[in-house]
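J.: In UniProt numbering, the protein residues as written are 1 to 225. Idealized CB from N, CA, C, for every residue including glycine.
1. Whole angstroms are fine: how far does the CA of residue 198 sit from the CA of residue 207?
2. So if DSSP puts residue 116 in a beta bridge, which residue, or which two residues, is it bridged to?
3. Per DSSP, residue 69 is paired with what?
4. Tell me which residue opens and which closes the alpha helix (DSSP H) that residue 196 is part of.
5. Give a yes or no on whether the C-beta atoms belonging to residue 53 and residue 75 are separated by under 9 angstroms.
6. Only counting the same chain, and skipping five residues up and downstream in sequence, which positions put a Cβ closer than 8 angstroms to that of residue 157?
7. Please tell me whether residue 136 and residue 113 are closer than 9 angstroms, where the distance is taken between their beta carbons.
8. Do residue 21 and residue 90 have their CB atoms nearer than 9 angstroms?
9. Hey, could you find the ends of the alpha helix (DSSP H) residue 86 is sitting in?
10. Helix or strand or just coil, what does DSSP make of residue 170?
11. What span of residues does the alpha helix (DSSP H) with residue 183 cover, start to end?
12. Compute the distance between the beta-carbons of residue 163 and residue 204, then report whether it is under 9 angstroms.
13. Once the 5 residues before and after residue 55 are set aside, which same chain residues still bring their CB inside 6 angstroms of it?
14. Locate the alpha helix (DSSP H) running through residue 101, then write down its first and last residues.
15. Alpha carbon to alpha carbon, what distance is there between residue 121 and residue 26?
16. Applying the 10 Å Cβ sphere with the 16-neighbour rule, what's the burial state of residue 124?
17. Considering Cα atoms alone, identify which of 223, 168, 88, 212 is closest to residue 194.
18. For residue 18 versus residue 58, is the C-beta spacing smaller than 9 angstroms?
19. Please report the distance separating the alpha-carbon of residue 146 from that of residue 179.
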C-alpha cells in the first residue's frame, strides 16, 4: 500500500483549517501538491494517496473536508471513485484534476457531485482557490476549461436574446466558474434570488444543469466564447 498520512486532523491546531487529501497515482506529484497545500494559511494537508484503495481508506480514517482527485488512477477511474466517496460522505467536496478535457468527462464530474473541475497543468493559485471556495451546490469550472471545450464551436446567430439583463449577468458569471454564493455576493442579491435566476436560465435554455446552460448559451451566441 502506498500512502502518506499528514497531520492528525483531530489536532487542536487544525480546528479552523480546511483539511485536504490529495489523490494522484504519481507519488512525486501528490507529495508536491500536498506540501504546497500544507503551507497555505487556512489549509492543512492530512495526507496523500496514490491509488483508489488507499484513498478510500484515508477518507474513512481522516474525514477530510476536500479531496483533490486525479481522473486517471492506476487502479480505478478517479471520477467513479469521487462519486463513491461523495455518496458515502455527505459534506465532502471533491476537486477533480485532469490532464485533458472533453465534454463527456466534464459532464461525468458534474453528475458525480464534484465541486470543481480543473486542469492539472493550471496555476497552483487556481487549485488553492477551488479548495477554499468550491461548494456542494454546483460545479466550479475554470474558464480555460470552457474555452478549450468550445474553441472550435461556431456560435449560431440569434435575432434576440430570450434572457433578461440580470439573467445574462448571472449566466456570464456562471461561465467564468463562479458558484451561486459567489454570484450573489458579486451582484448584491440573496442566494435565493440568484437560484431563481439560475432556474429561469435552465428553463429558457432547455438545460438540465448550469454547465449545460452555459454550453447552450455559447452555442447560440448568447454569451461570448
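T.: Result, derived from the coordinates:
1. Position 207 of the chain shown, counting from 1, holds the residue named residue 207. Position 198 of the chain shown, counting from 1, holds the residue named residue 198. A direct Cα-Cα distance of roughly 10 angstroms separates residue 207 from residue 198.
2. Position 116 of the chain shown holds residue 116. Residue 116 pairs with 95, 140.
3. As a working note, residue 69 is residue 69 in the chain shown. According to DSSP, residue 69 bridges with 23, 96.
4. Taking the chain shown and counting its residues from 1, the one referred to as residue 196 is at position 196. Residues 191-204.
5. If you number the chain shown from 1, residue 53 lands on position 53. If you number the chain shown from 1, residue 75 lands on position 75. Judged by their CB atoms, residue 53 and residue 75 are nearer to each other than the 9 angstroms cut-off.
6. By 1-based counting over the chain shown, the position of residue 157 is 157. Low per-residue confidence applies at residue 157: pLDDT is 41, beneath 50, and the placement is therefore not dependable, though the value from the model is reported in the following sentence. Contacts found: 221.
7. Working through the chain shown from its first residue, we reach residue 136 at position 136. Working through the chain shown from its first residue, we reach residue 113 at position 113. Residue 113 sits close to residue 136, with the two beta carbons spaced by under 9 angstroms.
8. The residue labelled residue 21 in the question sits at position 21 within the chain shown. The residue labelled residue 90 in the question sits at position 90 within the chain shown. Cβ atoms of residue 21 and residue 90: not closer than 9 angstroms.
9. On the chain shown, residue 86 is found 86 positions in, with the first residue counted as 1. Note, residue 86: alpha helix (DSSP H), 78-88.
10. As a working note, residue 170 is residue 170 in the chain shown. DSSP places residue 170 in helix when its eight states are reduced to three.
11. Position 183 of the chain shown, counted from the start, is the residue given in the question as residue 183. Where residue 183 is concerned, the enclosing alpha helix (DSSP H) starts and stops at 180-187.
12. The residue given as residue 163 occupies position 163 in the chain shown. The residue given as residue 204 occupies position 204 in the chain shown. With contacts defined by Cβ atoms closer than 9 angstroms, residue 163 and residue 204 form a contacting pair.
13. Here residue 55 refers to the residue found at position 55 of the chain shown. Hits under 6 angstroms: 23, 49.
14. Your numbering for residue 101 matches position 101 in the chain shown. DSSP places residue 101 outside any alpha helix (DSSP H), giving it a letter other than H or E.
15. Reading the chain shown from its first residue, position 26 is the one you call residue 26. Reading the chain shown from its first residue, position 121 is the one you call residue 121. Taking the straight line joining both Cα atoms gives about 14 angstroms.
16. The residue labelled residue 124 in the question sits at position 124 within the chain shown. Exposed, by the Cβ-count rule.
17. If you number the chain shown from 1, residue 194 lands on position 194. Selection 223, 168, 88, 212 evaluated against residue 194 yields 168 as nearest (Cα-Cα).
18. Looking up residue 18 in the chain shown gives position 18. Looking up residue 58 in the chain shown gives position 58. Judged by their CB atoms, residue 18 and residue 58 are not nearer to each other than the 9 angstroms cut-off.
19. Numbered from 1 along the chain shown, position 146 holds the residue referred to as residue 146. Numbered from 1 along the chain shown, position 179 holds the residue referred to as residue 179. Cα-Cα distance, rounded: 15 angstroms.
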